[in-house]
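Chains as they are written, first to last, in my numbering: chain X, 697 to 840; chain F, 3 to 357.
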Amino acid sequence: MHLTLHVWRQKSASLKGKMVRYAADDINPDMSFLEMLDVVNWQLIEEGEEPIAFDHDCREGICGSCGMMINGVAHGPRRATATCQLHMPHFKDGDTIYIEPWRSRAFPVLRDLIGIAVLLIESFSLAVLSPFPQVALRKPTPFW
Amino acid sequence: MSESLRNDGRIWVPVQERDKRAPNQISESERDYYLERRYPSYGNLVPRDVASRAAKEVCDEGRGVGEHGLGVYLDFAEAITRSGVAMIREKYGNLFEMYERITAENPYEVPMRIYPAMHYTMGGLWVDYNLMSTIAGLFVIGEANVSDHGANRLGASALMQGLADGYFILPYTLSDYLATAKLDQVSIDHPAFQQRESQHADRVKKLLSIKGKRTVDSIHQELGKLMWNHCGMVRSESGLQHALEQIPVIREEFWRNVNVLGSEVEINQALEKAGRVADFLELAELMCLDALERAESCGCHFREEFQTPDGEAQRDDEHFCYVSAWEYTGDGRTSVLRKELLEFEYVTPSQRSYK
Chain X
697 MHLTLHVWRQ KSASLKGKMV RYAADDINPD MSFLEMLDVV NWQLIEEGEE PIAFDHDCRE
757 GICGSCGMMI NGVAHGPRRA TATCQLHMPH FKDGDTIYIE PWRSRAFPVL RDLIGIAVLL
817 IESFSLAVLS PFPQVALRKP TPFW
Chain F
3 MSESLRNDGR IWVPVQERDK RAPNQISESE RDYYLERRYP SYGNLVPRDV ASRAAKEVCD
63 EGRGVGEHGL GVYLDFAEAI TRSGVAMIRE KYGNLFEMYE RITAENPYEV PMRIYPAMHY
123 TMGGLWVDYN LMSTIAGLFV IGEANVSDHG ANRLGASALM QGLADGYFIL PYTLSDYLAT
183 AKLDQVSIDH PAFQQRESQH ADRVKKLLSI KGKRTVDSIH QELGKLMWNH CGMVRSESGL
243 QHALEQIPVI REEFWRNVNV LGSEVEINQA LEKAGRVADF LELAELMCLD ALERAESCGC
303 HFREEFQTPD GEAQRDDEHF CYVSAWEYTG DGRTSVLRKE LLEFEYVTPS QRSYK
């Protein structure tokens, strides 16, 4: 697959950010969305540009640490799907994808797609109570 | 996930090698329900170590399905005919939905394709019954320690371990420690703190200064593949020795040729990852050493050389009835094995059989 990405790049909380356009070429359609970003990052590192920062941990739809706005929708186009569970078969070759961090006063952008850290324990204990953890992941709780 | 699905799903591969036909084009007589065949009394419900090895075996034979041949079918057609779609949806609907998200295939209509995957490490830091490590005041809980989940070579539930430790044990043992231990007043001027801080700063500086040609991920993947092949579902003496020769080579490559961009003053995920991969290199080496030392098959630790005539894990309780605790003796030094003997008073460990 060949995709065009527009990604929010922001070096730190105090600096201004902007959308930057990248070509994501030779993406295997079996990849997950985050794996697609990994591939783009390897390319960027090779070109001497710092990789796009984004939060993730388990990539199994359990921990609740990933999350970004994809084409203006939290976690992308699929309902009840954490970003790590979003996979490329749900996109088409040639698609243009806009990727941004959460934008709200409570979650200031720290770098690129990373907002303020969420307390994983909170989603963890909810995940334990819910037999299927995605359900518990929708509302990460800030740590204060 | 496959464990609950295997309550109703049936696992199969084509009898023929490299059979590229769609699953519904393959007749019943051309299918091998290999778990049902090999384990008639447990069938598809054999435990995960047995099910994983059996899947690996049929794929190694060239009978795996999907584009890369690394997959077996988990088929609900019969369960749907027997119980109806509504019942299957009620029981497994959310898992089917997860599968659909990943593959864009409808598992109500085509069989799922599954393959065993590594998903956490068994074993962890040694702790006593109060979950305190060998360092006074350092408590280790959940997947990071070696109590219930880690000490069990079949693997257990990481959530169970996290809950049991966090809810039932730590609130008592940690508060007891804090209430009873005599703790001296220390500040960050303490020489131990100063030493650790400067070691850490040196390591960060070193990682950022290498400016080589390889991404952290590529070295992580190289190490992962080596471990997957030689310290994974099936291990052997020669494979483990090969891995023990290769890990120092990868370590040298890492410290000579890794490329970590950016600086340490802002969020730098590549730097964080580099620190972890540096640690994984040490952990991987210890895991191979441990797997090499244990010359028996036991739970998920399956040594090719030690199997029963019908290919099952051959345990050796006469020589290996102990927990292996490896003592860290300093960076770059070989760890020392401390054996904790397992003594059974009421039950006797025995060969498992799911036939």
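Here a beta-carbon is modelled for each residue, glycine too, at the ideal position from N, C-alpha and C.
Quick one: using the 10 Å Cβ neighbour count with 16 as the cut-off for buried, is residue i buried or exposed?
{"i": "X:I817", "result": "Model confidence at X:I817 stands at a pLDDT of 42, short of 50, so the residue's coordinates are unreliable; what they give is reported in the following sentence. It counts as exposed."}
{"i": "F:T350", "result": "exposed"}
{"i": "F:I190", "result": "exposed"}
{"i": "F:R198", "result": "exposed"}
{"i": "F:D204", "result": "exposed"}
{"i": "F:R317", "result": "buried"}
{"i": "F:S265", "result": "exposed"}
{"i": "F:N26", "result": "exposed"}
{"i": "F:L47", "result": "exposed"}
{"i": "F:N108", "result": "exposed"}
{"i": "F:V15", "result": "buried"}
{"i": "X:W704", "result": "buried"}
{"i": "F:I137", "result": "exposed"}
{"i": "F:T336", "result": "exposed"}
{"i": "F:E307", "result": "exposed"}
{"i": "F:D10", "result": "buried"}
{"i": "F:Y174", "result": "exposed"}
{"i": "F:R84", "result": "exposed"}
{"i": "X:T837", "result": "Confidence at X:T837 is low in this model, with a pLDDT of 42, below 50, so the placement of that residue should be treated as unreliable; the coordinate-derived value is given next. Result: exposed."}
{"i": "F:A81", "result": "buried"}
At 7 Å on the CB atoms, spell out the chain X contacts of residue i, in chain order.
{"i": "F:T217", "result": "W738 and I741"}
{"i": "F:M134", "result": "Simply none; closest approach about 21 Å."}
{"i": "F:N261", "result": "I741"}
What residues from chain X crowd round residue i, counting only those whose CB sits closer than 8 Å?
{"i": "F:G264", "result": "E746"}
{"i": "F:A106", "result": "H783, P785 and H786"}
Within this structure, are the beta carbons of residue i and residue j separated by less than 8 Å?
{"i": "F:V17", "j": "F:E38", "result": "no"}
{"i": "X:G757", "j": "F:M100", "result": "yes"}
{"i": "F:D77", "j": "F:G301", "result": "no"}
{"i": "F:F322", "j": "F:R305", "result": "no"}
{"i": "F:V112", "j": "F:V129", "result": "no"}
{"i": "X:V808", "j": "X:Q706", "result": "Going by the sequence as given, residue 808 of chain X is Asp instead of Val. Result yes, Cβ atoms of X:D808 and X:Q706 sit closer than 8 Å."}
{"i": "X:R774", "j": "F:R91", "result": "no"}
{"i": "F:D34", "j": "F:I28", "result": "no"}
{"i": "X:G772", "j": "X:T779", "result": "yes"}
{"i": "X:P747", "j": "X:N737", "result": "yes"}
{"i": "X:A749", "j": "F:I269", "result": "yes"}
{"i": "F:Q243", "j": "F:L285", "result": "no"}
{"i": "X:M784", "j": "X:M732", "result": "yes"}
{"i": "F:D167", "j": "F:G144", "result": "yes"}
{"i": "F:V262", "j": "F:V218", "result": "yes"}
{"i": "F:Y356", "j": "F:E342", "result": "no"}
{"i": "F:L172", "j": "F:L133", "result": "yes"}
{"i": "F:D281", "j": "F:W328", "result": "no"}
{"i": "X:D751", "j": "X:I795", "result": "no"}
{"i": "F:E287", "j": "F:L339", "result": "no"}
Assuming residue i and residue j are in contact, meaning their beta carbons sit under 8 Å apart, how far apart are those beta carbons, in whole angstroms?
{"i": "X:D721", "j": "X:H702", "result": "So it is not a contact: roughly 15 Å between Cβ atoms."}
{"i": "F:N259", "j": "F:K215", "result": "6 Å"}
{"i": "F:A56", "j": "F:R40", "result": "7 Å"}
{"i": "F:G2", "j": "F:R115", "result": "Because chain F spans 3 through 357 in this model, residue 2 of chain F falls outside it and cannot be assessed."}
{"i": "F:Y110", "j": "F:V87", "result": "6 Å"}
{"i": "X:A770", "j": "X:G763", "result": "7 Å"}
{"i": "F:F256", "j": "F:I221", "result": "5 Å"}
{"i": "F:S54", "j": "F:P118", "result": "4 Å"}
Please compile the residues from chain F whose C-beta is within a distance smaller than 9 Å of the C-beta of residue i.
{"i": "X:M809", "result": "The sequence shown places Leu at residue 809 of chain X, rather than the Met named in the question. Per Cβ cutoff of 9 Å: no residues; X:L809 is ~11 Å from chain F at best."}
{"i": "X:R774", "result": "R103"}
{"i": "X:G790", "result": "In chain order: nothing, as chain F lies at least about 17 Å away."}
{"i": "X:G757", "result": "M100 and R103"}
{"i": "X:L806", "result": "E268 and I269"}
At a CB-CB cut-off below 8 Å, which residues of chain F make contact with residue i?
{"i": "X:K707", "result": "E268"}
{"i": "X:T777", "result": "R103"}
Kindly list, in the order they appear in chain F, the residues whose Cβ is closer than 7 Å to that of residue i.
{"i": "X:A749", "result": "I269 and Q271"}
{"i": "X:D734", "result": "D219"}
Check your understanding: Does the count of Cβ pairs from the stretch 52-65 of chain F and the stretch 73-93 of chain F closer than 8 Å reach three?
Key -> yes
Review point. Should the stretch 314-330 of chain F be regarded as contacting the stretch 267-276 of chain F, the criterion being three or more beta carbon pairs within less than 8 Å?
Key: no
Review point. Does the stretch 221-228 of chain F touch the stretch 160-179 of chain F, meaning 3 or more C-beta pairs lie closer than 8 Å?
Key: no
Practice item. Tell me, please, whether the stretch 783-803 of chain X touches the stretch 119-136 of chain F by the rule of three or more beta-carbon pairs shorter than 8 Å. Key: no
Point to revise | the stretch 240-257 of chain F touching the stretch 784-792 of chain X, judged by at least three CB pairs closer than 8 Å | key: no
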